[in-house]
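Enquirer: One structure, as structure tokens, below. Some questions next.
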Amino acid sequence: MADWILIPGAGGDPWQFHKLVPVLEKAGHRAIAVDLPGNDKKAGLSDYVQRVVDAAGGREVVLVAQSLGGFTAPLVRERARVKALVFLNAMIPLPGETAGEWWVNTGWEKARVAAARKGGYATKFDLFTYFLHDVPKETILAGAKHNRPQAERMFADRCDFEEWPDIPIHVISGREDRFFPLEFQRRVARDRLDKEIDEVPGGHLVALSNPQGLASQLLSYGF
């Protein structure tokens with residue numbers, strides 16, 4: 006049995022994982038989705054890290070970092086017992102990088118637009134096209150009240166770690182992710198972690214659109 010700590014993306018609402026948690030629990034694991042202060046204008050990266058450390062509660066845990074949560078995960082490793090790290094459609098940082106710098110440093114905008122043109126969907130961002138296109142309608146309706154804005158403060162704080170820890174690190178990428186397109190994620194994982202991605206069917210919010218498939222991939226790691 007593993008203790009899974011699930012780190013949300015922008016907005017920080019743990020509801021992003023409300024379908025995944027019971028699937029992991031049914032498999033005999035413990036899973037906690039962390040409530041991050043995403044809409045708190047005063048909260049910095051250290052506040053996000055503290056929330057995750059508190060959720061870990063001294064236990065040995067596996068971190069799953071979704072999207073913007075990728076900037077929190079490396080710093081948690083320095084303050085908690087982390088036995089493995091999984092990036093999920095994530096912003097994988099370089100040591101000392103800010104989340105604000107990441108977009109230009111990785112060439113995200115060019116990759117996103119190129120993928121949109123190739124895929125035949127709008128190049129201009131909108132929530133449905135890029136985040137919700139594969140999420141069930143009933144889930145979209147239920148999730149409206151959980152759509153928190155993301156405060157800007159977090160994007161200015163440096164992810165101040167020196168090197169990646171010597172623990173298992175995996176990268177899961179949604180095959181239909183339009184926000185962080187698959188080939189973009191593949192390149193970033195290779196460049197920054199020297200890792201290959203594990204593909205699962207689904208978009209950027211794959212924990213909402215395909216929780217069973219995501220859980221199967223997570224459990225396949227054998228933690």
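Counting in our numbering, the sequence shown runs from 6 upward without gaps.
All C-beta atoms, glycine included, are put in the ideal place defined by N, C-alpha and C.
Answer yes or no: do residue 105 and residue 14 have a C-beta to C-beta separation smaller than 7 angstroms?
Expert: If you check the CB distance, residue 105 and residue 14 do not come in under 7 angstroms.
Enquirer: If I follow the unbroken alpha helix (DSSP H) through residue 205, where does it start and stop?
Expert: Counting along the chain, residue 205 falls outside any alpha helix (DSSP H), though it belongs to the beta strand (DSSP E) covering 203-205.
Enquirer: Below 8 angstroms on the Cβ atoms is my contact criterion, and I expect residue 70 with residue 95 to pass it. Report the Cβ-Cβ distance as a whole number of Å.
Expert: Going by Cβ atoms, the distance from residue 70 to residue 95 rounds to 5 angstroms, so yes, they are a contact pair.
Enquirer: Could you pull the DSSP bridge partners for residue 70 from this structure?
Expert: Residue 70 is bridged to 12 and 92.
Enquirer: Which of the three DSSP states is assigned to residue 134 in this structure?
Expert: helix
Enquirer: Buried or exposed: residue 86, going by 16 or more other Cβ atoms within 10 Å of its Cβ?
Expert: exposed
Enquirer: So, residue 43 versus residue 155, is the Cβ gap smaller than 7 angstroms?
Expert: Their beta carbons are under 7 angstroms apart, which means residue 43 touches residue 155 by this criterion.
Enquirer: Going by Cα to Cα distance, which pick from 183, 186, 176 and 185 is closest to residue 199?
Expert: Per the Cα distances, 176.
Enquirer: According to DSSP, what are the bridge partners of residue 87?
Expert: 66
Enquirer: Counting only the same chain and skipping the five closest in sequence on each side, list residues whose C-beta sits under 6 angstroms from that of residue 102.
Expert: Excluding residues up to 5 positions away in sequence, 164 lie with their Cβ nearer than 6 angstroms to the Cβ of residue 102 in the same chain.
Enquirer: Please classify residue 72: is it buried, with 16 or more other beta-carbons within 10 angstroms of its beta-carbon, or exposed?
Expert: buried
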